[in-house]
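So, in structure tokens, the structure goes:
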């Protein structure tokens, strides 16, 4: 019974840790994320013709792009940093959306929070039986 | 009496002059295929994604003086890439765009109205997955007469750049979201199109 109690308490501690990470993770990534606008850049001649850096791909979004070489000079109208979509594709750079981090974190918080409550109740019950 | 045979000629000449302002542009036929960009943006619970293809062809007609025109654009649905092969397969599948049966989407204008500057309102028939609906969308049209700049960019004649962005409700075009993905994928997508037409 004592071993079971210890195991339940240990699992509850892990659930608490996961819950903490579920809150800390998005906060960490949010500090790293930037408003980014993906662009298919024009070559020099097309940029001169159109007066544009390139064709915008998708809406501006909060993203984490690990490779600084992916960024182009300048910003979009909304202040978003311009990221070279062609460079990212050819170099396997996958832009991580902050939205994805937050969605996964929500699942982690929900699962770990639920587990913490159940394990806490189990630990409390076992402790009463042991006493 | 001598004016009578001249009058029809004058009318014809005036009419010819008016029609001569309308220029024809070919989309996707030049070496600037990468400049043609069709995207659709979908919002999903876990990750927003953008599907993209450069395989856009068509013909445009534009009168820079009267500021009107017409055109037909064809998009190769089967070539749309979202960056993830499995997602591409899903989109080409029967529940989504059924690209085997309906490999292209088309837009054919029925009315072009000038608003101001380079902005227009375009009404036309959008056909996706075999379903045709009349829609009205905003568009930006830039006419660039032949110059050293257009030639340096690889175009032989005058250039017409057309841009548009509009939302489409998927179920209007028989595109169904599979049950496991319902509520997790947006029921509408934002279509964005940038094409460059080259006068021949």
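Protein chains in written order, with this note's numbering: chain A, 8 to 138; chain B, 14 to 213. Every residue gets a Cβ at the ideal spot worked out from N, C-alpha and C, and that includes glycine.
Closest by C-alpha distance to residue 208(B), when choosing among 154(B), 143(B), 110(B): 154(B)
contact_flag[the region 161-171 of chain B, the region 112-126 of chain B] where n(CB pairs < 8 Å) is 3 or more: no
Per-residue DSSP class, three states only, for residue 25(B): Its pLDDT being 42, under 50, residue 25(B) is placed unreliably by the model, and the measurement read from it follows with that caveat. Residue 25(B) falls in the helix class under three-state DSSP.
Proximal residues of chain B, C-beta to C-beta of residue 119(A) below 7 Å: Around residue 119(A), no beta-carbon contact reaches into chain B at under 7 Å, the shortest distance being about 18 Å.
Neighbour list for residue 8(A) in chain B, Cβ cutoff strictly below 7 Å: What residue 8(A) touches in chain B, judged by beta-carbon distance under 7 Å, is nothing: the nearest beta carbon there is about 42 Å away.
Short CB-CB distance (under 9 Å) between residue 195(B) and chain A: no
Selected residue, minimal CA-CA separation from residue 37(A), among 133(A), 114(A), 124(A), 110(A): The shortest C-alpha separation from residue 37(A) is found at 110(A).
Separation of residue 64(B) from residue 96(B), as counted between CA atoms: Computed Cα separation, rounded: 8 Å.
Backbone CA spacing between residue 40(B) and residue 49(B) [nearest angstrom]: Cα to Cα, the separation comes out at about 8 Å.
Sheet register partners of residue 201(B) (DSSP bridge): Partner(s): 182(B).
Contacts that residue 34(B) makes with chain A (C-beta to C-beta distance below 9 Å): Under the 9 Å cutoff, chain A gives no residues; its nearest Cβ is about 22 Å from residue 34(B).
Between the CA atoms of residue 52(B) and residue 46(A) - distance to the nearest angstrom: Cα-Cα distance, rounded: 12 Å.
Per-residue contacts from residue 104(A) into chain B (C-beta, under 8 Å): Per Cβ cutoff of 8 Å: 60, 61.
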